[in-house]
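Please read the structure below before turning to the comments.
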Amino acid sequence: MKICVVGVGYVGLVAALSFAKYNNDIICVDKDINKIKQLNNGIIPIFEEGLEELLNTCIKNKKISFTQDLDVAIKKSEIIFIAVGTPTNDDWSVDISQVIHVANEISKAINKYKVVVIKSTVPVGTNDKIKKIFLNNGLNDKHFDIVSNPEFLREGKALNDFLNGDRMVLGCESKRALKILEKLYRPFNTKLIFTTPQTAELIKYASNAFLATKISFINEIANLCSKVNANIETISYALGLDNRISAEFLKAGIGYGGSCFPKDTKALVSIGKEYNSSFNIIESTIEVNENQRLLPVKLVCEHYNDLNGKIISIFGLTFKPGTDDIREAPSLYIINELLKKGAKIKCYDPMVSNEIKNIYPDIIYCNNIYETVDNSSCIIICTELMEFYNMNLKELAKIMNYPMLIDGRNIIDMEKAKKSGFQCYYSIGNGSYDNN
Ligand code: NAD
């Protein structure tokens, strides 16, 4: 099938390559000329396992190409995916201007029947808005169908998730469009759910809000564990063995981040307000998360009354392992607060990109953990990168100015930290001590 994907970010690129893998012919369009140049040369602008190999295979087999020319790409394709960004406005509503802009451009380029698929996460009613744009631009039902097809992939496992997703939701009332998409998704190892556009649009927000709520829930239990000397890891394990609950998203820590959960939870509250439908649970989920990500700052401030001039070492900057994405990462909020309190920041993340260097040009980016802790008064683990699990804690404690560790992801055993010479250790509901 001939397919156009507009917007080759995390979602668009993974979708495009997955379709190309199954022998479809893909033209990708992006407004970012640097991305287009890199991709045509076989270079992936983001980090995501398995993408670079697949890109080079697809380029070699002439199954994928990248361009800025939307008009030509639309004319050559029978299915068009919109996968541009939908950021949050200050009032928590969703900024769908990129989607609207692209929809306008597509409607002007349509030469014969096309299926236009909205992959971006959009609020309820966006499908209808786009349909109106197409009709206002002189098109009718014979020229197009619009389908809502939200994406559920996780960064860090994006390709595998797309190829083997739990479900693929298709929101549309046109049998003609659904037949085409059913054929496209047939080789994928997934369950197809056919529904209305409104239901499809809402499924995405409901899924992310539910998962975010699970995280905030377990974090509140963890905070209680710290006070009553209970152990969150055992509690999470026991909860997870209950099939009705499931073990996923029950890991206590310093909260969720990334490009989806923070944005989509706020969007759901905003959509609720628009329809006079309250979302007390989601509002609390957001509030709990905002406090949780600053917990390490509270702990380090309780230990040292004054942080002025103290070096704090941040281990991991991305919002989770396996990605280079720092959008809404808890580390950024922690660094911000520590800087306000006069601390000096040294950080280490092998995935660190120029993006964060532009946000914080004055903090020190180190090449390894040992450089990062030199003269430091506290380590804060923000991301559970593999290399942090088996660090030489004795060596780290020796180099530090004062060996204090805040394990924001519960990956270091408390007894091991104690034996290695750490004078002060905090986890998230998994034990703590302070020898002072
Ligand atoms: P992204 O920012 O990584 O990519 C968006 C791309 O769209 C960029 O490359 C940008 O240059 C391009 N773009 C913007 N305007 C354009 C235009 N007018 N013409 C052509 N290209 C244009 O975003 P993303 O993370 O891939 O997210 C895309 C959508 O998918 C969002 O709605 C997001 O909520 C949703 N989503 C994201 C994830 C995720 O894990 N990142 C998962 C599921 C759903």
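Reading the sequence shown from the start, the letters are residues 1280 to 1715 in this note's numbering.
Just so you know, even glycine gets a beta-carbon here, dropped at the ideal spot from N, CA and C.
All figures in this text were calculated on a predicted structure; none of them were measured in a lab.
Distance between residue j and residue i (C-alpha atoms, nearest Å)
i: Ile-1514; j: Asp-1692; result: 16 Å
i: Ile-1613; j: Ile-1591; result: 11 Å
i: His-1380; j: Cys-1283; result: 16 Å
i: Phe-1667; j: Glu-1331; result: 26 Å
i: Cys-1657; j: Tyr-1681; result: 7 Å
i: Val-1285; j: Gln-1347; result: 9 Å
i: Asp-1721; j: Ile-1353; result: Outside the shown range of the chain (1280 to 1715) lies residue 1721, about which nothing can therefore be said.
i: Lys-1316; j: Phe-1345; result: 8 Å
i: Asn-1654; j: Val-1507; result: 34 Å
i: Ala-1437; j: Asn-1715; result: 45 Å
i: Phe-1540; j: Ser-1495; result: 11 Å
i: Ala-1362; j: Ile-1397; result: 7 Å
i: Thr-1662; j: Asp-1713; result: 23 Å
i: Lys-1421; j: Asn-1487; result: 35 Å
i: Val-1394; j: Phe-1423; result: 6 Å
i: Ala-1299; j: Thr-1400; result: 22 Å
i: Gly-1404; j: Arg-1455; result: 21 Å
i: Ile-1338; j: Pro-1629; result: 28 Å
i: Asn-1600; j: Phe-1326; result: For the sequence presented, residue 1600 should be read as Pro rather than Asn. Each residue's Cα considered, the two are about 11 Å apart.
i: Asn-1570; j: Leu-1418; result: 49 Å
i: Gln-1477; j: Cys-1451; result: 9 Å
i: Phe-1473; j: Trp-1371; result: 29 Å
i: Lys-1355; j: Lys-1281; result: 7 Å
i: Tyr-1516; j: Gly-1687; result: 18 Å
i: Leu-1617; j: Leu-1573; result: 10 Å
i: Ala-1608; j: Thr-1597; result: 6 Å
i: Leu-1414; j: Ile-1358; result: 18 Å
i: Ser-1711; j: Tyr-1705; result: 4 Å
i: Leu-1296; j: Gly-1329; result: 10 Å
i: Gly-1660; j: Leu-1684; result: It is worth fixing the name first, because residue 1660 is Ile in this sequence and not Gly. Approximately 8 Å, taken between the alpha carbons.
i: Val-1576; j: Ile-1638; result: 20 Å
i: Thr-1365; j: Lys-1545; result: 12 Å
i: Asn-1646; j: Asn-1439; result: 30 Å
i: Lys-1260; j: Leu-1471; result: Absent from the structure is residue 1260, since the part of the chain shown begins at 1280 and ends at 1715.
i: Val-1631; j: Ala-1388; result: 40 Å
i: Gly-1536; j: Glu-1650; result: 27 Å
i: Ala-1501; j: Leu-1318; result: 43 Å
i: Ala-1294; j: Gly-1288; result: 10 Å
i: Lys-1625; j: Glu-1434; result: 26 Å
beta-carbon residue i near the ligand NAD non-hydrogen atom, thresh 8 Å
i: Pro-1466; result: no
i: Ser-1538; result: yes
i: His-1380; result: yes
i: Ile-1305; result: no
i: Glu-1434; result: yes
i: Thr-1597; result: no
i: Ser-1399; result: yes
i: Asp-1309; result: yes
i: Leu-1330; result: no
i: Ile-1325; result: yes
i: Val-1285; result: yes
i: Lys-1314; result: yes
i: Gln-1317; result: no
i: Gly-1291; result: yes
i: Lys-1454; result: no
i: Glu-1527; result: no
i: Ala-1362; result: yes
i: Asp-1445; result: no
i: Thr-1365; result: yes
i: Glu-1430; result: yes
i: Gly-1601; result: no
i: Lys-1542; result: yes
i: Gly-1404; result: no
i: Asp-1604; result: yes
The ligand ZN heavy atom lying under 8 Å from the CB of residue i
i: Ala-1437; result: Here the bound small molecules are the ligand NAD; the ligand ZN is not part of this structure.
Would you list, in sequence order, the uninterrupted beta strand (DSSP E) runs of no fewer than 3 residues that lie entirely inside the stretch 1429-1498?
-> 1446-1450, 1470-1474
At least three beta-carbon pairs within less than 8 Å, the stretch 1542-1553 to the stretch 1575-1592 = no
Whole beta strand (DSSP E) runs in the stretch 1340-1412 with 3 or more residues, listed along the chain?
-> 1343-1346, 1358-1361, 1393-1397
Examine the Cβ distances between the stretch 1553-1571 and the stretch 1512-1530 and report whether three or more of them are shorter than 8 Å.
-> No contact exists between the stretch 1553-1571 and the stretch 1512-1530.
Cβ pair count under 8 Å reaching 3, the stretch 1672-1689 against the stretch 1477-1492 | no
For the stretch 1283-1345, list the alpha helix (DSSP H) runs that are entirely contained and at least 4 residues long, ordered along the chain.
-> 1289-1300, 1312-1319, 1330-1339
Which residue spans inside the stretch 1535-1616 form an unbroken beta strand (DSSP E) run of at least 3?
-> The qualifying runs are 1590-1594.
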